Structures are given as C-alpha cells and as structure tokens.
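Student: Got a structure for you, questions after.
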Amino acid sequence: MMDIAQAKQQVKDAVTAYLALDGLGAPRLAASGQRPLFLLGAPGIGKTAIMSQVAHELGIGLVSYSMTHHTRQSALGLPFIVHKEYGSGEAFDVSEYTMSEIIASIYDYMEETGLDRGILFLDEINCVSETLYPSMLQFLQFKTFGRHRVPKGWVVVCAGNPPEYNRSVHEFDIVTLDRLRKVEIEPGLAAWRDYMRTIRSHPSVTTYLELRPDDFYVVESTPGGKSFVTARSWSELSDLLVLYEDLGLNVDRTVIGQYLQHEDVAARFSSYYGLFSKYRSDYRIEDVLSGHVPADISQRARDAAFDERLALMALMLDALESEARDVMERHDALASVREVLKRAEGCEGLALTDVLESAVHREETAAAGDADARSKRRAMQTTVLLKELQPAADYEEAAQLYREAVARFESSADGMRSKMDCAYDFVDNVFGMGSEALVFTTELAARRDLAQFVALFGCDGYFRHSAKLATDVERDAIFDEIDALNAEA
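When we follow full-length UniProt numbering, the leftmost residue of the sequence shown carries the number 1, and every step to the right adds one.
Given below as structure tokens:
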C-alpha cells in the first residue's frame, strides 16, 4: 500500500522509462513489455488528478476514458464488409472494423494539441462489460483494440476501485493481473495536504482536518445507503468555499452536505466553518498584516484556545499566500517578457510588431490549452504585459515600458514583504517563540509561493525563526541519539 504521492511517483517513473529511446530512436522497452500500471484505490483519492499532474510535469499529452460505458463495439470499432481477392483471383466478402473510438480520440488529441507523446488513462477498467473483457487481455499486452494499435509514444495507465466500493467491479484473474503493474493506494491526509498547499485552498478545510484527521476519509454503510466523505469531497468543497466567498454567496449546512455526504462529518464541519468565519471577521486580518493591531485583538489571541490560534495562523497564511501567489506569477510573467525582449533587441516598426504579436499568440494558445491553472494564469499575465509593449515604435520604447512594469512589480513586492514583517511582528509580540511561531514558520516554508517569495526577496522574521527551528531540530536529534546510546548501555 502507498499514498497518492508515492503512486504519482510510480506513474511518473514508469512513463519516463516507457518513453525512453535508444540511440536509434527505438523504444528501449518494446510496447509488448510495457506493462500498464493499474492504480487500485478507493474512489475520490486523486487517481485522475495525478495523471494530469504527471502529464503536465513531463510535458506530454493526456487522454482519459472511463471504461464503464464502453461496449465491445465502441472500444473495438464497428464491423463493415470489404471485398478482397485471394490466390487465383477468387473474390470474398471480408469483415473488418472501423477504428476504435478510444484510439481515434488519441489521434484527434494529437492533431488538436501537436503533442505526439502522452498517457492514455483508462479509468474504472475493472468495470468493463462482459463482452469487452476478453479483448482486454490483447489490449493490455499488445496495446491494440481490434486491428488498431495505440500510437507510438503513448503509454497506457489504468485505474479502478476495489469491489467493496463498486458493485460493478469484476475482480481480475491471474492471467489479467499478470499483464499489469498493480499499485494499491490508500487515502493519506499528509499527501493530500501537501497537494492542497500547491493550489488556492480554503484554510477552514485544512485546519479542520488538522484537528479532526479521522474525518478525512469515511465510508460507512447505513440503513439509508452509503455515507461517505472522500479526498475529492474535501478538495471540491474547498474550491467551492473559495468561490462562494469571492462572490459573496452564502455557505450553509445544506451546501456543505452536498459535498460531505456523511451526516456527522457535515454537521461538525459546518459548525467549525461558522466559527472560522467568525474568527476571520473578529481578528481583522488585513489590520494585522498592515501593522495596526488593536490591543484587544492581541489579548484575545493570547487567551485563545488551541483551535482558535490554529485558525488565526491559517487565516494569516492564507492572506499572505494569496498575495505572494500574485507577486510570483507576475514575476514569472516578467521573466517571460524579458526573454521576448531579448529576441526583439534592435527591432523596430513591423519587425518589432511581428515579434510581439507572435509572442502574444503563443501565450494566448497556452492560456487556452490543457495546462494547469497556474500555468494558464502565468500565460494570461504574460499576454497582458506583452500587449502593454505593443504600442512601442522601437525596441528602446518597448524596453522603457518594460522597466516601468518592473518598477510597479517591485513596489508590490515591497508591499508584500512589509506584510510578512508585520505578520511576524504580531506572532512575536503575541506568542513569542512558542509553538505558534513554529507552526507559522513551518507552514510558510511548505507553501510554494511563500517559500519562493522569501527566497527571492527575504524576510527577517522568517530567517530568525527558521534558524531557531533548525537549532531545535539539531538539538532534538542529539538528545535522541543520547537516549538511544543510553538504551543500548
């Protein structure tokens, strides 16, 4: 058994190996020897999500299919009659098959995206119909449906649920399993939390699960049917909470219950979310990050219970992370524009226009493609910056417009650094060097945009606390070693 992060690495390594070529450009491992990975795990733990992540990280395509609705005809193709002559010219009517819908979709994807390598992800493969099941053996070993082969450069990965979660599951026999690399996955809060740090997640969800980790994944049978909460439930609820709050929409127990389909868990989280929203209002996080903290707010934080302090840390980190994300995406966009300007050096008039228009078209295509949300936002930011340069008559004018954009960026980065300093001043004044400072610093370091911001622009409070943290870890390691030696003695 492994968690979803370990499973992702298994997939990434397998795809990398299967796509490896020798010196003559041939696959180092023949298609017949490329056993598809079979990800077997409970529903909603992120099997589909990691496929998108792997494809993006490797710069390859992804075509996904759920096998539950496929019949033999749609998977293998439809029969048609062709006229052939054999031997001495005797004519026969022969059955052939149209191209498989699944194989055809790969070719369509290649034409649309220009990507000639990728992953064919077949979900719920252990739920295929009885008529299709015999053909799966041939497909798993030789990567063909009927007479049509998966295109070169495409790797097959499969997934399914254990039978206790899906009544349609057919357990694979030894002959089938002997053609697969079975990867069993279990729900893991730590791996899920690491993933949530890479996206814009709602802090109430992550802090609630810090306090109640047993509510992360629950599946129970009740007289009324299945009651369940999955990793997908929490991820999608988090997305909805962010969106509803941005739009000023009401989040109530009914909305929460539509995602957390377990009465007790939904009730507990609904109560916590109400408290969390009250903390956000009471603590006035923007005032804290601007350095204007009323004495009553500081005193309340000192007197607060652990769950309230944890929520306060999360609220501060969420506000900082949101601004750090904007700053870092702007930073990446400026770096992309700088590369375009290097190519445009010395250009003027139509030549400069062509360079900028070509770059704008490239970024607009990227923003409309299959990239992840972060890459799309970076592409849109880059497009906006490039369009600001388009009125320039020559390279020098474009470079001046770019320098003005950099100056605006530096001002926003200075504002962000000031907010981080104020956050650490608040933590120091209210909590000193206690566990709250440890939680704040550790969590800040784990969040990509905040960590990247600190690496580029610095933060005295972070460096001070992280140095103490490193010293404490080293001291604890020494004490552990002494205890071990004493135990041996």
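Beta carbons are placed, not taken as given, at the ideal position from N, Cα and C, and that holds for glycine.
Because the structure is a prediction, the values reported are computed rather than measured.
Go to residue 152, then tell me how far its beta strand (DSSP E) extends in each direction, as first and last residue.
Tutor: Note, residue 152: premise wrong, no beta strand (DSSP E); not H, not E.
Student: Secondary structure at residue 27, three-state DSSP: helix, strand or coil?
Tutor: Note: residue 27 maps to strand in three-state DSSP.
Student: Does residue 449 pass the burial test, meaning 16 or more other C-beta atoms within 10 Å, or should it be called exposed?
Tutor: Buried, by the Cβ-count rule.
Student: Around the Cβ of residue 61, are there at least 16 other Cβ atoms within 10 angstroms (buried) or fewer (exposed)?
Tutor: Buried is the call here.
Student: With the cut-off set at 7 Å, would you say residue 66 and residue 124 are in Cβ contact?
Tutor: A contact, by the Cβ cut-off of 7 Å.
Student: If you count every other CB in all the chains shown that lies within 10 Å of the CB of residue 182, and 16 or more means buried, which is it?
Tutor: Its Cβ having fewer than 16 others within 10 Å, residue 182 is exposed.
Student: Excluding the 5 residues preceding and the 5 following residue 428 in the sequence, name in chain order all residues of the same chain whose CB lies nearer than 8 Å to its CB.
Tutor: For residue 428, where only same-chain residues beyond five positions count, the Cβ hits under 8 Å are 437 and 461.
Student: Determine the DSSP secondary structure at residue 91, reduced to helix, strand or coil.
Tutor: Looking at residue 91 - three-state DSSP - the assignment turns out to be strand.
Student: With residue 440 as the anchor, note down where its alpha helix (DSSP H) starts and where it stops.
Tutor: Here the alpha helix (DSSP H) through residue 440 covers 435-446.
Student: Identify, in the order they occur along the chain, each residue of the same chain with its Cβ nearer than 7 Å to the Cβ of residue 100, setting aside the five sequence neighbours on each side.
Tutor: Correct list, in chain order: 75, 76, 77, 145, 146 and 148.
Student: Return the CA-CA distance between residue 224 and residue 264, expressed in angstroms with no decimal places.
Tutor: The alpha-carbon atoms of residue 224 and residue 264 are separated by roughly 14 Å.
Student: In whole angstroms, what is the alpha-carbon distance linking residue 310 and residue 240?
Tutor: For residue 310 and residue 240, the distance between alpha carbons rounds to 22 Å.
Student: Quick check on the burial criterion: 16 or more other C-beta atoms within 10 angstroms. Buried or exposed for residue 387?
Tutor: With fewer than 16 other Cβ atoms within 10 Å, it is exposed.
Student: Note the first and the last residue of the continuous beta strand (DSSP E) segment covering residue 353.
Tutor: No beta strand (DSSP E) holds residue 353; the alpha helix (DSSP H) holding it covers 350-368.
Student: If we call anything under 7 Å between Cβ atoms a contact, is residue 357 one with residue 379?
Tutor: Result no, Cβ atoms of residue 357 and residue 379 do not sit closer than 7 Å.
Student: Given a threshold of 16 other Cβ atoms within 10 Å of its Cβ, counted over all protein chains shown, does residue 391 qualify as buried or as exposed?
Tutor: Exposed: under 16 other Cβ atoms inside 10 Å.
Student: Tell me which same chain residues have a C-beta within less than 6 Å of the C-beta of residue 329, skipping the five on either side of it?
Tutor: Here the set comprises 377, 378 and 381.
Student: What are the boundary residues of the alpha helix (DSSP H) that residue 410 is part of?
Tutor: Segment 395-431, the alpha helix (DSSP H) holding residue 410.
Student: For residue 478, collect the residues of the same chain with a Cβ closer than 6 Å to its Cβ; drop the 5 residues on either side in sequence, then sort them by chain order.
Tutor: Below a pLDDT of 50, predicted positions are generally treated as unreliable, and residue 478, at 43, falls in that range; the measurement from the model is reported next regardless. Same-chain partners within the cutoff: there are none.
Student: Touching or not, the region 264-275 and the region 401-408, by the rule of three or more beta carbon pairs under 8 Å?
Tutor: Not touching, per the Cβ criterion.
Student: Taking 8 Å as the threshold, find out whether the region 324-339 comes into contact with the region 283-292 through three or more Cβ pairs.
Tutor: Contact fails: fewer than three Cβ-Cβ distances are below 8 Å.
Student: May I ask you to report which of helix, strand or coil DSSP gives residue 459?
Tutor: In this structure, residue 459 counts as coil in the three-state DSSP scheme.
Student: For the alpha helix (DSSP H) holding residue 388, just list the boundary residues, first then last.
Tutor: First-last of the alpha helix (DSSP H) with residue 388: 373-389.
Student: Mind pulling the beta strand (DSSP E) runs of 3 or more residues that sit fully within the region 60-143?
Tutor: The qualifying runs are 61-66, 79-86, 90-97 and 118-123.
Student: Can you give me the start and stop residues for the beta strand (DSSP E) that residue 257 sits inside?
Tutor: Note, residue 257: premise wrong, no beta strand (DSSP E); alpha helix (DSSP H) at 253-257.
Student: Using the rule of at least 16 other Cβ atoms within 10 Å of the residue's Cβ for burial, across every protein chain shown, is residue 188 buried or exposed?
Tutor: Buried, because 16 or more other Cβ atoms sit within 10 Å of the Cβ of residue 188.
Student: Quick check on residue 465: does DSSP put it in helix, strand or coil?
Tutor: Three-state DSSP puts residue 465 in a helix.
Student: From the DSSP secondary-structure annotation, give me the bridge partner or partners of residue 148.
Tutor: 145, per the DSSP bridge assignment.
Student: Compute the beta-carbon to beta-carbon distance between residue 63 and residue 12, rounded to the nearest angstrom, for a pair I have assumed lies under 8 Å.
Tutor: Wrong, their Cβ atoms sit about 17 Å apart, outside the cutoff.
Student: Would you call residue 134 buried or exposed, if buried means 16 or more other Cβ atoms sit within 10 Å of its Cβ?
Tutor: The residue is exposed, with fewer than 16 neighbouring Cβ atoms inside 10 Å.
Student: By Cβ distance, which residues of its chain are closer than 8 Å to residue 109, with the 5 residues on each side in sequence left out?
Tutor: For residue 109, where only same-chain residues beyond five positions count, the Cβ hits under 8 Å are 61, 63, 115 and 118.
Student: Taking 6 Å as the cut-off, is the CB of residue 4 close to at least one heavy atom of the ligand SAM?
Tutor: For the structure depicted, the ligand SAM is absent and the ligand set is empty, with no information on it obtainable.
Student: Which same chain residues, not among the five before or five after residue 93, have their C-beta less than 7 Å away from its C-beta?
Tutor: Excluding residues within five positions, the ones whose Cβ falls inside 7 Å are 81 and 83.
Student: What does a CB cutoff of less than 7 Å around residue 103 pick up in its chain, not counting 5 residues either side in sequence?
Tutor: The residues are 145, 148 and 150.
Student: Would you report the Cα separation of residue 473 and residue 444, rounded to the nearest angstrom?
Tutor: Its pLDDT being 46, under 50, residue 473 is placed unreliably by the model, and nothing is read from it.
Student: Return the CA-CA distance between residue 482 and residue 468, expressed in angstroms with no decimal places.
Tutor: Note that residue 482 has pLDDT 44, beneath the 50 cutoff, so the model's placement of it is unreliable and the number below is only indicative. Going by the C-alpha atoms only, they are around 21 Å apart.
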